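*Asks:*
Chains as they are written, first to last, in our numbering: chain A, 1 to 347; chain X, 348 to 679.
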């Protein structure tokens, strides 16, 4: 950000420098780098074919698999923008999945079940928002409560109807998750729609401005007449809804409710996506588009590790190294030390 | 000043109440045997939580505990298979924990990044490390391991204080000394109480932060060693989610999550409360593991709300800083 105000004293490369200062450049370069490496490693990485009336190919696969994480990451980006964090998203997914399986076994209409699942996510958001915005508990800890107990709640819901066989079939829900609408997977279309709606909310309504204002400087926002509690509350509601939709997608995908392992570690991936996308954990910035790029970087990385034949166990370590590098590059102190190390030639 | 001890008092009351409740519900619950078992079964969590207490007292958080426990176990099991003595590999892993923690602390302070995200990366890295070493459960076969598991002190009434419990109590005693009788301990409280004031008072921030996380890493590695010796195996998924248990133990133990207020000794009771809940649920037999998660969450919620209330009504953090309670605290 600071580099953007460098005076254009040098005649050469000011444009390049301006470009390098743009926040989208580095994550996009990372994504491109991953793709280029993949292109060399895997044959036909970039080919997209039509098989059985749907698009088929590695790129589509990456997009397809990135949808649940991307949804959660969008909600997370908004929460992080208010200087918060939502650790409970994995548990929300688990609870929503259990609700879906339960209500299907109870014989509800599947459209109602979809609404119930979303309402469940909203309710989780109400709970988190209550703790954070009303009781003023630190977000990490407040959402930790639901994170710890949420999977237990999911297991309990499964027990309501015996819990022996939580698998189910639902044309509507599976259509929303694994179905496709004239070549394009429905989950991609719906994901894009949700992204669009959230983008409008953040960039075209006052709420978006308030969210960033509260995250940037809560006392100042309050003095400016913003109801900071209400604004923070809304962020957790949005995050709960996003997680609920991810829960619908994941649960319908596996045709069963598995409260213990569905969406495990998804909160970490989501936070990672936000951070890679340049969102500061200090709050005040919401970059939805960048978050999607961050999600794609993570998913592309995961897919490439699988394709490259490296054991999937390397996945976690590589992710950790990537996030460390990103964080180091974001830190002023570390950047300065790096520049000093390389003779200060760059600055 | 007495308000500072209210959270700890609440913890001890809950602990005793749980123990008595268990005693009323089940025969033979109220015995030294059960107490000894709860101590031994939860020793590794409590040891790890002791280190976390320092981290939380300083206003930070450490999420890498569970992965550290798993990683230590896996490496020890593999070194055991290669013919190393468990004590040697334990010493190596303790040193590793210390260095890893110090590294995390250094990055947190040097890059001014939230501890949460750095230790999250640590969680990933160590868990990934577990999987990279091996994917299966590997037994520890050295005779020392069996000897360690058998070592105990007999308690009256037929109970045993097992070696892991003894190790836990010793490390707790060391931690109490560090927290309350060293300059480092005072610095930890100072940073957690009011960071800006601590800097102005000349508390060496970088050194203290590095030491705090090094201590946290050391204790979680020690927890891993105890876990590996206690279960006589190394399993790459061991300790998953234990960071949450450790944090819950600290919170239930009366340490304020905002830092600056709390007692290391409280963590023992916090960990024991969680252990007792699990034991009561196991005694029942008809309840399943989901109840452990839910009651843990409910207790965590109650304690956090109680802390909020106490901080709000007694100005705990202010009281910890000055005796002149009637003078309003200057805005930081």
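The C-beta atom is built at its ideal place from N, Cα and C for all residues, glycine as well. Just so it is clear, the structure is predicted and the values come from calculations on it, not from any experiment.
Is the beta carbon of residue 600 (chain X) sitting closer than 9 angstroms to the one on residue 615 (chain X)?
*Replies:* Within the second chain, numbered from 1, the residue matching residue 600 (chain X) stands at position 253. Within the second chain, numbered from 1, the residue matching residue 615 (chain X) stands at position 268. For residue 600 (chain X) and residue 615 (chain X), yes; Cβs fall inside 9 angstroms.
*Asks:* In angstroms, rounded to a whole number, what distance separates the CA positions of residue 126 (chain A) and residue 95 (chain A)?
*Replies:* In the first chain, counting from the first residue as 1, residue 126 (chain A) sits at position 126. In the first chain, counting from the first residue as 1, residue 95 (chain A) sits at position 95. Between residue 126 (chain A) and residue 95 (chain A), the C-alpha separation is close to 14 angstroms.
*Asks:* Going by beta carbon distance, what residues of the same chain come within less than 7 angstroms of residue 166 (chain A), once the five residues before and after it are set aside?
*Replies:* In the first chain, residue 166 (chain A) corresponds to position 166, counting from 1. 101, 158, 256 and 257, listed in sequence order.
*Asks:* Which residues share a DSSP beta bridge with residue 507 (chain X)?
*Replies:* The count along the second chain starts at 1 and reaches residue 507 (chain X) at position 160. DSSP lists X:501 as partners of residue 507 (chain X).
*Asks:* Would you kindly work out how many angstroms separate the C-alpha atoms of residue 522 (chain X) and residue 612 (chain X), rounded to a whole number?
*Replies:* Counting from one through the second chain, the residue named residue 522 (chain X) turns up at place 175. Counting from one through the second chain, the residue named residue 612 (chain X) turns up at place 265. For residue 522 (chain X) and residue 612 (chain X), the distance between alpha carbons rounds to 9 angstroms.
*Asks:* Does residue 633 (chain X) come out as helix, strand or coil in the three-state DSSP assignment?
*Replies:* As a first step, residue 633 (chain X) must be located in the second chain, where it is residue number 286. In this structure, residue 633 (chain X) counts as coil in the three-state DSSP scheme.
*Asks:* Name the residues in the segment 187 to 201 of chain A whose C-beta lies less than 7 angstroms from a C-beta of chain X; which are they?
*Replies:* Listed by position along the chain: nothing, the set is empty.
*Asks:* Could you tell me which whole alpha helix (DSSP H) segments of length 4 or greater appear in the segment 425 to 505 of chain X?
*Replies:* 433 to 458, 462 to 480 and 490 to 497, all fully within the segment 425 to 505 of chain X.
*Asks:* Which residues of chain X have a Cβ atom closer than 9 angstroms to the Cβ of residue 327 (chain A), listed in chain order?
*Replies:* Within the first chain, the letter at position 327 stands for residue 327 (chain A). The contacting residues are 454, 458, 460, 464, 465 and 468.
*Asks:* Look at residue 180 (chain A) and residue 54 (chain A) and say whether their C-beta atoms are less than 9 angstroms apart.
*Replies:* Looking up residue 180 (chain A) in the first chain gives position 180. Looking up residue 54 (chain A) in the first chain gives position 54. Contact: yes.
*Asks:* Quick check: the Cα distance between residue 40 (chain A) and residue 302 (chain A), rounded to an integer number of angstroms?
*Replies:* Walking along the first chain from the start, residue 40 (chain A) turns up at place 40. Walking along the first chain from the start, residue 302 (chain A) turns up at place 302. Rounded to the nearest angstrom, the two C-alpha atoms are 17 angstroms apart.
*Asks:* Taking the beta strand (DSSP E) that residue 608 (chain X) falls in, what are its first and last residues?
*Replies:* Mapped onto the second chain, residue 608 (chain X) falls at position 261. Taken as a continuous stretch (DSSP letters only), residue 608 (chain X) belongs to no beta strand (DSSP E), as it is neither H nor E.
*Asks:* Compile a chain-ordered list of the residues in the segment 623 to 656 of chain X whose CB is closer than 9 angstroms to at least one CB of chain A.
*Replies:* The segment 623 to 656 of chain X vs chain A, Cβ under 9 angstroms: 635, 636, 637, 638, 639, 640, 641, 642, 643, 644, 645, 647, 648, 651, 652, 654 and 655.
*Asks:* Quick one: which chain A residues come within Cβ less than 9 angstroms of residue 514 (chain X)?
*Replies:* Numbered from its first residue, the second chain carries residue 514 (chain X) at position 167. By Cβ distance, chain A contributes nothing, its closest Cβ being about 27 angstroms from residue 514 (chain X), past 9 angstroms.
*Asks:* Residue ranges of each alpha helix (DSSP H) run of no fewer than 4 residues wholly in the segment 379 to 427 of chain X, ordered along the chain?
*Replies:* DSSP runs (the alpha helix (DSSP H)) wholly in the segment 379 to 427 of chain X: 379 to 388 and 390 to 404.
*Asks:* So the candidates are X:558, X:559 and X:534; which of them puts its Cα closest to the Cα of residue 547 (chain X)?
*Replies:* Taking the second chain and counting its residues from 1, the one referred to as residue 547 (chain X) is at position 200. Checking every option, the nearest Cα to that of residue 547 (chain X) belongs to X:534.
*Asks:* For residue 105 (chain A), which of helix, strand or coil comes out of DSSP?
*Replies:* Residue 105 (chain A) sits at position 105 when you count from the first residue of the first chain. Residue 105 (chain A) falls in the helix class under three-state DSSP.
*Asks:* Closest to residue 573 (chain X) by CA distance: which of X:617, X:516 and X:541 is it?
*Replies:* Reading the second chain from its first residue, position 226 is the one you call residue 573 (chain X). Comparing Cα-Cα distances from residue 573 (chain X) to each of X:617, X:516 and X:541, the minimum goes to X:516.
*Asks:* Per DSSP, residue 50 (chain A) is paired with what?
*Replies:* Position 50 of the first chain holds residue 50 (chain A). For residue 50 (chain A), which the question treats as bridged, DSSP gives the partners A:55.
*Asks:* Taking only beta carbons into account, state which residues of the segment 587 to 607 of chain X come closer than 8 angstroms to chain A, listed in chain order.
*Replies:* Per Cβ criterion, the list reads 591, 594, 595, 598, 604 and 605.
*Asks:* Apart from the five residues just before and just after residue 502 (chain X), which ones in its own chain have a Cβ nearer than 7 angstroms to its Cβ?
*Replies:* Residue 502 (chain X) sits at position 155 when you count from the first residue of the second chain. Taken in chain order, the residues that qualify are 379, 383 and 508.
*Asks:* Spell out whether any CB of chain A is found under 9 angstroms from the CB atom of residue 415 (chain X).
*Replies:* Within the second chain, the letter at position 68 stands for residue 415 (chain X). Not closer than 9 angstroms to any Cβ of chain A, the Cβ of residue 415 (chain X) fails to qualify, so no.
*Asks:* Please state the DSSP three-state secondary structure of residue 291 (chain A).
*Replies:* Reading the first chain from its first residue, position 291 is the one you call residue 291 (chain A). Of the three classes helix, strand and coil, the one that applies to residue 291 (chain A) here is helix, per DSSP.
*Asks:* Flag residue 418 (chain X) as yes if its beta-carbon sits less than 9 angstroms from any beta-carbon of chain A, otherwise no.
*Replies:* Walking along the second chain from the start, residue 418 (chain X) turns up at place 71. Output row for residue 418 (chain X): interface = no.
*Asks:* Check residue 120 (chain A) in the structure and name its three-state DSSP category.
*Replies:* Start at 1 with the first residue of the first chain, and residue 120 (chain A) comes out as number 120. Residue 120 (chain A): helix per DSSP, three-state reduction.
*Asks:* Is there at least one Cβ from chain X nearer than 9 angstroms to residue 126 (chain A)'s Cβ?
*Replies:* Position 126 of the first chain holds residue 126 (chain A). Answer no: the Cβ-Cβ gap between residue 126 (chain A) and chain X never drops below 9 angstroms.
*Asks:* Is it the case that the segment 230 to 239 of chain A contacts the segment 247 to 267 of chain A, given that we only count it when at least three CB pairs across the two stretches are under 8 angstroms?
*Replies:* The segment 247 to 267 of chain A is not in contact with the segment 230 to 239 of chain A.
*Asks:* Comparing the C-beta of residue 478 (chain X) with each C-beta of chain A, is any distance below 9 angstroms?
*Replies:* Locating residue 478 (chain X) in the second chain gives position 131, where the first residue counts as 1. True, the Cβ-Cβ gap to chain A drops below 9 angstroms.
*Asks:* Taking C-beta pairs closer than 8 angstroms, name the residues in chain X that residue 315 (chain A) reaches, listed in chain order.
*Replies:* In the first chain, counting from the first residue as 1, residue 315 (chain A) sits at position 315. Residues of chain X passing the Cβ test: 475.
*Asks:* Would you grab the beta carbon distance between residue 317 (chain A) and residue 423 (chain X) for me? Rounded to a whole angstrom, and I think it's under 8 angstroms.
*Replies:* Here residue 317 (chain A) refers to the residue found at position 317 of the first chain. Here residue 423 (chain X) refers to the residue found at position 76 of the second chain. Not quite, the Cβ-Cβ distance comes to about 20 angstroms (not below 8 angstroms), so this is no contact.
*Asks:* Using only alpha-carbon positions, find the residue among A:341, A:340 and A:334 that is nearest to residue 457 (chain X).
*Replies:* Taking the second chain and counting its residues from 1, one reaches residue 457 (chain X) at position 110. Checking every option, the nearest Cα to that of residue 457 (chain X) belongs to A:334.
*Asks:* Return the bridge partner residues of residue 183 (chain A) from the DSSP annotation.
*Replies:* What you label residue 183 (chain A) is simply residue 183 of the first chain in a count that begins at 1. Answer by DSSP bridge pairing, in chain order: A:54.
*Asks:* If you pair each beta-carbon of the segment 482 to 496 of chain X with each one of the segment 277 to 295 of chain A, do three or more pairs fall below 8 angstroms?
*Replies:* Flag = no, the segment 482 to 496 of chain X and the segment 277 to 295 of chain A do not touch.
*Asks:* Tell me the residue span of the alpha helix (DSSP H) that contains residue 326 (chain A).
*Replies:* Stepping through the first chain from its first residue, residue 326 (chain A) is reached at position 326. Its alpha helix (DSSP H) spans residues 314 to 330.
*Asks:* When the Cα atoms are used, what is the spatial distance from residue 29 (chain A) to residue 294 (chain A)?
*Replies:* Residue mapping note: residue 29 (chain A) aligns to position 29 of the first chain, counting from 1. Residue mapping note: residue 294 (chain A) aligns to position 294 of the first chain, counting from 1. Looking at the two C-alpha atoms, the distance is approximately 11 angstroms.
*Asks:* Are any of the Cβ atoms in chain X nearer than 9 angstroms to that of residue 299 (chain A)?
*Replies:* One-based indexing of the first chain puts residue 299 (chain A) at position 299. So no, residue 299 (chain A) is outside the interface.
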